[in-house]
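Just below is one structure, and these are the notes that go with it.
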Amino acid sequence: MGQLKRKFADIPPGADNPLSFAVGRRDRSTLHMVQEAIAHKQTLLAFQPVMRAEYPDQIALYEGLIRVLDPTGRVIPAAEFMTKIEDTETGREIDVLALRHGLLALKANPSLRLAVNMSARSIGYRPWMQTLNRFLRESPKIGERLTLEITESSAMSVPELVVDFMNRLQPRGICFALDDFGSGQMAIRYFKNFYFDILKIDGEFVRGIATDADNQALVRSLLSIAGHFNMLTVAESVETAQDAEVLTQMGVDFLQGYFFAAPTTRPAWLRDTKMRSS
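In our numbering, each residue's number is its place in the sequence shown (first place is 1) plus 477.
Next comes the structure, spelled out in structure tokens:
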């Protein structure tokens, strides 16, 4: 008992319980790590290809996934920090950096098509919009190769703002993808107003679909919704040849996942550039 008392001796008197205190301390540590990475310009994108389902050796576009470097130089994926910072100013800064990295990649590679993630909470965040407008002024056609991905849960937090945001940017050639579709609770009354260009089916319904009749039924329903609203579809988290084959037969337009390639911070076009300059 004495060891247990000492272990939690630094817990403030107002803390609900030891677990909540530990979680809070971990979240603060994560926030600090991300803030330090931003301050020292230790952020970058990892690129994962999105393949054409009918021609699985052809890349339709890439998704640019934000990464930060911790103090040891280890690359930290967004899944390990985004949920802890999304509601903070740091989350907005990360969205700006992801957009800037993506736009720089598009500007440097005229044949590249790229999807970049953003939170609906960054709508109205001035530095984010200033970054986009600056690149569009310098390269007006760059928007035609940019897709912005917004998760279903994020879109539903401010649906009216998302609709207005999309209406303003789609005429500039920018596409919008509804990410992780099926994982949230999107109301159909909002869905019909969004006019997303692409629907990304959450990996929970994709993994193991070749042998999962329930997931097959759910994905067919999602594909029906996408077809009704003239949306292209991407299946996320495709990990086996069998799943890829079933999804293609079901009519999914694009496939993304480790079966094709893991995200990499050194995509082919960067390696080629370094080889030519050496």
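All C-beta atoms in this analysis are idealised placements derived from N, C-alpha and C, irrespective of residue type, glycine included.
Where R577 is concerned, the enclosing alpha helix (DSSP H) starts and stops at E566 to A585.
For G728, same chain residues with a beta-carbon under 7 Å away, outside a window of 5 residues either side, are L700 in chain order. Residue range T520 to R529 is occupied by the beta strand (DSSP E) that includes F524. Taken through DSSP and simplified to helix, strand or coil, N594 comes out as strand. In the structure shown, the three-state DSSP call for P554 is strand. Inside the region 681 to 754, DSSP marks whole alpha helix (DSSP H) runs of 4 or more residues at positions 690 to 705, 718 to 727 and 745 to 754, from first to last along the chain. A residue is called buried when at least 16 other Cβ atoms come within 10 angstroms of its Cβ; K561 meets this threshold and is buried. DSSP places T628 inside the beta strand (DSSP E), whose first and last residues are L623 to T628. Exclusion of the five residues before and after T507 leaves F558 and K561 as the residues of its chain whose Cβ lies within less than 6 Å of its Cβ. V640 places its beta carbon less than 8 Å from that of N670. Your pair L724 and I675 does not check out as a contact, with CB atoms roughly 15 Å apart and the cut at 8 Å.
Taking a contact as a CB-CB distance under 8 Å, the pair G541 and A575 counts as one, their CB atoms being some 7 Å apart.
If you ignore the 5 residues before and after V711, its C-beta comes within less than 8 Å of the C-beta of V527, A654, I675, L676, K677, I678, V729, D730, F731, L732 and Q733, all in its own chain and listed in chain order. In terms of CA proximity to E681, E713 leads the group R697, G704, E713 and T688. Under the three-pair Cβ rule at 8 Å, the region 543 to 552 does not count as touching the region 581 to 591.
Taking the C-beta atoms as reference points, F642 is found nearer than 8 Å to I600. By the 16-neighbour rule on beta-carbons within 10 angstroms, L581 is exposed. As the crow flies, the alpha-carbon of G620 is around 15 Å from that of W605. Between the alpha carbons of A555 and H705 lies a gap of roughly 32 Å. Annotation: F642 is outside any beta strand (DSSP E); the continuous alpha helix (DSSP H) that includes it extends over P636 to L646.
K518 and I571 have their C-alpha atoms spaced approximately 11 Å apart.
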